[in-house]
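Heads up, the sequence shown is in our numbering, so the first residue is 58 and it goes up one at a time. Backbone N, C-alpha and C define an ideal beta-carbon position, used for all residues, glycine too.
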Amino acid sequence: MNGAQALIQTLVNGNVDVCFMNPGTSEMHFVAALDDVPEMRSILCLFEGVATAAADGYARMMGKPAATLLHLGPGLGNGFAMLHNARRSFTPMINVVGDHASWHLKYDAPLTSDIVSIADPVSKWIKSSASADDIGPDTAEAIASALGNPNGIATLILPGDTAWNESTVGPVLHIPPPPAPTFKQDAVENAVKAISTGEPTAVVLSNRALLEEVSLIASRLANGTNVSLFAGRPTGRWQRGAGRPNIRRIAYPIPQAVKQLEPFKHIILVDAHPPVGFFGYPNLPSELWQPGTQVHRLTEHGEDSAGALTAICELLNVGPELGPLVETERPNLPTGEITIPKVWQSIAALMPDNCIMSNESLTSGYGSEKFMSAAPAHDVISGTGGAIGGGLPYAVGAAVACPDRKVINPQADGSAMYSIQALWTMARENLDVVSIIWNNRAYRILEGELEKVGASADTPKAKAMLDLDNPELNFTKMAEGMGVEGTRVGSIDELNTVLDAAIKKNGPHLIEVLV
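Structure below.
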């Protein structure tokens, strides 16, 4: 058994059985070893950013890591933006990065680079295997690190000779389980004191705290006390819709967010970052809470939010009754002229129960809450670190993780172009994804940001840097060129018909909406 075979078998032994990859010469022994370990599912991606984002989407839905296989430093660099998002969502992931044979590094060949420096900002664990015998133990250590509390990205660097040399150690057969999550008793007591003041208190939930199990306990707390529940922004996965608590989302625009949080004297963070502005703007605050408001940390990511909230309920003698839960209110299908709110109305009317929404609609998402807050039960995954281009490949990962659930991908046009290659992987793997591309022919979100920072857009050069209509992007043709059925719609009635048909059938479909 060579080192590559030991690596793949150790991954599978650790329940890491999917690898999104874009390999090169240094990784050929890994590729050759795939047939020796049939339990490993290998998925080819045409760009490393698709591979890393797909692994992120997969892990968010499965709660366990996928692996990626990347080609040296440049390949890791190509995947870096989506790894930034994965770090912000505390995604467990194993990056396997090929490197030159150890004895070849001294020659400074063209692809030689400082892989550790590229990996460091996004990795909680980095190691380069020194020999084929080290690969099994190093891989087991990587899995344990990725699944440790908090979860994170482990990067294993694989010199070519360690992959092709014989391993006398072989794979590691036992991977230690992750440590059980805990919570801090003093943080619970501090939160109880804040709530017991009777002053208006906001509980901000994010990440794992927006999974159904935890949010229902938060609903119990809200029903028995004066606290109000908010969803932090951004968050890696949110289980929402029918049968789940109706939690208000903190607004993206700073003035609206400040107004939302203005009444509260206490803010309790549950697996959430303190609510701050996404950017700094002239004459606007960075902190979204009022001076004098006290911000309390209940749980960090990786801690037991369910246990901490339950402990608060017990100390406050809160009963078992839940607060109001969402009741499905499917809207009627819209008619008439096509508008962005009507597209969301159509989605809410037609979406199946328990679907997954890989949402990167950006400016086209404004106003969606009117329809999606009362939609059937569904999961939402979206970008967490501000790097755009994740929507399409997150949908790839989610569809691989949950093949029995429909994935719907409302997708902005500009950010789709960052990772359009994901469509090819959808076709190759026959993934059940409906992508809805909002084609407004502009970086519309940047037009708004230009105004917010006080810069002028009323000049030809500035306008040209934000438009996408010269030449026009034709997503239907791009989809068809990568094996995905594509349809361009220009009326809301046409969208209703096409979306209904796409949802009812299996396999990928792209709908281009001209708005």
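Practice prompt. Return helix, strand or coil for ARG290, following the three-state DSSP convention.
Written response: In the sequence shown, counting from the first residue as 1, residue 290 sits at position 233. In this structure, ARG290 counts as coil in the three-state DSSP scheme.
Worksheet item: Roughly how far, in whole angstroms, is the beta-carbon of ARG117 from the beta-carbon of THR148, given that I think they are within contact range, below 8 Å?
Response: Position 60 of the sequence shown holds residue 117. Position 91 of the sequence shown holds residue 148. Confirmed, about 6 Å.
Discussion item. For the stretch 455-466 against the stretch 288-306, do three or more pairs of beta-carbon atoms, one drawn from each stretch, fall closer than 8 Å, so that the two count as touching?
Written reply: no
Fill in: Simplified DSSP assignment, three categories, for PRO216
Locating residue 216 in the sequence shown gives position 159, counting from the first residue. Note: PRO216 maps to strand in three-state DSSP.
Discussion item. So ASP190 and VAL226 are supposed to be a Cβ contact under 8 Å. How far apart are they, rounded?
Written reply: Counting from 1 along the sequence shown, the entry for residue 190 is found at position 133. Counting from 1 along the sequence shown, the entry for residue 226 is found at position 169. 4 Å between Cβ atoms; contact.
Worksheet item: Excluding sequence positions up to five away, which residues of its chain have a Cβ less than 6 Å from the Cβ of TRP401?
Response: In the sequence shown, residue 401 corresponds to position 344, counting from 1. If we look at TRP401 and ignore the five residues flanking it on each side, its Cβ neighbours are SER425, PHE428.
Practice prompt. Below 8 Å on the Cβ atoms is my guess for TRP182 versus ALA197; work out the distance and round it to an integer in Å.
Written response: Taking the sequence shown and counting its residues from 1, one reaches residue 182 at position 125. Taking the sequence shown and counting its residues from 1, one reaches residue 197 at position 140. The Cβ separation is near 12 Å, so there is no contact.
Discussion item. DSSP three-state label for TRP182, please.
Written reply: By one-based count along the sequence shown, residue 182 stands at place 125. Of the three classes helix, strand and coil, the one that applies to TRP182 here is strand, per DSSP.
Discussion item. Classify MET139: buried if its beta carbon has 16 or more other beta carbons within 10 angstroms, exposed otherwise.
Written reply: Numbered from 1 along the sequence shown, position 82 holds the residue referred to as residue 139. Classification of MET139: buried, given that the 10 Å Cβ count is 16 or more.
Worksheet item: Do the stretch 363-373 and the stretch 272-279 make contact, defined as three or more Cβ pairs closer than 8 Å?
Response: yes
Fill in: Touch test, the stretch 128-136 against the stretch 147-164, Cβ-Cβ under 8 Å, three pairs minimum
yes
Fill in: Buried or exposed by the 16-neighbour rule on C-beta atoms within 10 Å, applied to GLN242
The residue given as residue 242 occupies position 185 in the sequence shown. GLN242 comes out exposed.
Worksheet entry | Environment of ASN208 [buried if 16+ CB atoms lie within 10 Å] | In the sequence shown, the residue the question calls residue 208 occupies position 151. Buried: at least 16 other Cβ atoms inside 10 Å.
Worksheet item: Hey, LYS213 and SER188 are a contact pair by Cβ (cut 8 Å); roughly how many whole angstroms apart?
Response: Position 156 of the sequence shown, counted from the start, is the residue given in the question as residue 213. Position 131 of the sequence shown, counted from the start, is the residue given in the question as residue 188. According to the sequence displayed, residue 213 carries Leu and not Lys. That pair is no contact at about 14 Å.
Worksheet entry | Straight-line gap, GLU256 to CYS102 (C-alpha atoms, nearest Å) | As a working note, residue 256 is residue 199 in the sequence shown. As a working note, residue 102 is residue 45 in the sequence shown. Each residue's Cα considered, the two are about 52 Å apart.
Worksheet entry | Supposed close pair PRO342, ILE311 - CB separation, criterion 8 Å | The residue labelled residue 342 in the question sits at position 285 within the sequence shown. The residue labelled residue 311 in the question sits at position 254 within the sequence shown. Right, the Cβ-Cβ distance comes to about 7 Å (below 8 Å), so this counts as a contact.
Worksheet entry | Three or more C-beta pairs below 8 Å linking the stretch 482-493 and the stretch 550-563 | yes
Fill in: The beta strand (DSSP E) enclosing ARG354, as first and last residue numbers
Indexing the sequence shown from 1 puts residue 354 at position 297. Looking at the DSSP string, the run of the beta strand (DSSP E) that includes ARG354 is 351-356.
Worksheet entry | Within 7 Å, strictly: CB atoms of HIS128 and GLY193 | Counting from one through the sequence shown, the residue named residue 128 turns up at place 71. Counting from one through the sequence shown, the residue named residue 193 turns up at place 136. Not in contact: HIS128 and GLY193 (Cβ atoms no closer than 7 Å).
Worksheet item: Which first and last residues belong to the beta strand (DSSP E) in which ASN496 is found?
Response: As a position in the sequence shown, residue 496 is number 439, starting the count at 1. Looking at the DSSP string, the run of the beta strand (DSSP E) that includes ASN496 is 490-496.
Worksheet entry | Neighbourhood of VAL315 by C-beta, 6 Å cutoff - its chain only, sequence neighbours within 5 removed | If you number the sequence shown from 1, residue 315 lands on position 258. So the list reads LEU345, once near-sequence residues are dropped.
Practice prompt. Note down the Cα distance separating VAL75 from PHE87, rounded to an integer number of angstroms.
Written response: Taking the sequence shown and counting its residues from 1, one reaches residue 75 at position 18. Taking the sequence shown and counting its residues from 1, one reaches residue 87 at position 30. Their backbone Cα atoms lie some 14 Å apart in a straight line.
Worksheet item: Can you find a C-beta in chain B that's less than 7 Å from the C-beta of GLY447?
Response: Annotation note: the requested chain B is absent from the structure, which comprises a single protein chain.
Discussion item. If I measure Cβ to Cβ from GLY454 and keep anything under 8 Å in the same chain, skipping five residues before and after, which residues do I get?
Written reply: As a working mapping, residue 454 is identified with position 397 in the sequence shown. PHE77, ALA110, ALA111, ALA112, ASP113, GLY114, TYR115, ALA116, ARG117, MET118, ALA123, listed in sequence order.
Fill in: Extent of the continuous beta strand (DSSP E) to which ALA201 belongs
Indexing the sequence shown from 1 puts residue 201 at position 144. First-last for ALA201: 189-204, but that is the alpha helix (DSSP H), not the beta strand (DSSP E).
Worksheet item: Are the Cβ atoms of ALA244 and SER285 separated by less than 7 Å?
Response: For this step, residue 244 is matched to residue 187 along the sequence shown. For this step, residue 285 is matched to residue 228 along the sequence shown. No.
Worksheet item: How is GLY543 classed by DSSP in three states: helix, strand or coil?
Response: Start at 1 with the first residue of the sequence shown, and residue 543 comes out as number 486. In this structure, GLY543 counts as strand in the three-state DSSP scheme.
Practice prompt. State the start and end residues of the unbroken beta strand (DSSP E) segment that holds SER343.
Written response: Residue 343 sits at position 286 when you count from the first residue of the sequence shown. Segment: none, SER343 is in no beta strand (DSSP E) and carries neither H nor E.
Item to complete: At 4 residues or longer, and completely inside the stretch 445-483: list those alpha helix (DSSP H) runs for me, N to C.
Response: 448-458, 470-473
Item to complete: Write down every uninterrupted run of the alpha helix (DSSP H) in the stretch 306-335 whose length is 4 residues or greater and which is fully enclosed by it, in chain order.
Response: 311-318
Worksheet item: So THR554 packs on ASP361, CB below 8 Å; how close in whole Å?
Response: Looking up residue 554 in the sequence shown gives position 497. Looking up residue 361 in the sequence shown gives position 304. At roughly 47 Å, the Cβ-Cβ gap does not stay under 8 Å, so THR554 and ASP361 are not in contact.
Discussion item. Rounded to whole angstroms, what is the Cα-Cα separation between GLU357 and ARG297?
Written reply: Position 300 of the sequence shown holds residue 357. Position 240 of the sequence shown holds residue 297. C-alpha separation (whole angstroms): 22 Å.
Worksheet item: Which residues mark the beginning and the end of the alpha helix (DSSP H) in which ILE274 is found?
Response: Position 217 of the sequence shown, counting from 1, holds the residue named residue 274. Start and end: 269-281.
Worksheet item: With burial defined as no fewer than 16 other Cβ atoms inside 10 Å of the residue's Cβ, what is the status of PRO391: buried or exposed?
Response: In the sequence shown, the residue the question calls residue 391 occupies position 334. So PRO391 ends up on the buried side.
Fill in: PHE71, DSSP secondary structure in three states
To locate residue 71, count along the sequence shown from 1; it is residue 14. One detail in the question is off: residue 71 reads as Gly in this sequence, not Phe. Reduced to three states, the DSSP call for GLY71 is coil.
Discussion item. At 4 residues or longer, what runs of the alpha helix (DSSP H) sit wholly inside the stretch 352-435?
Written reply: 362-372, 397-407, 426-429
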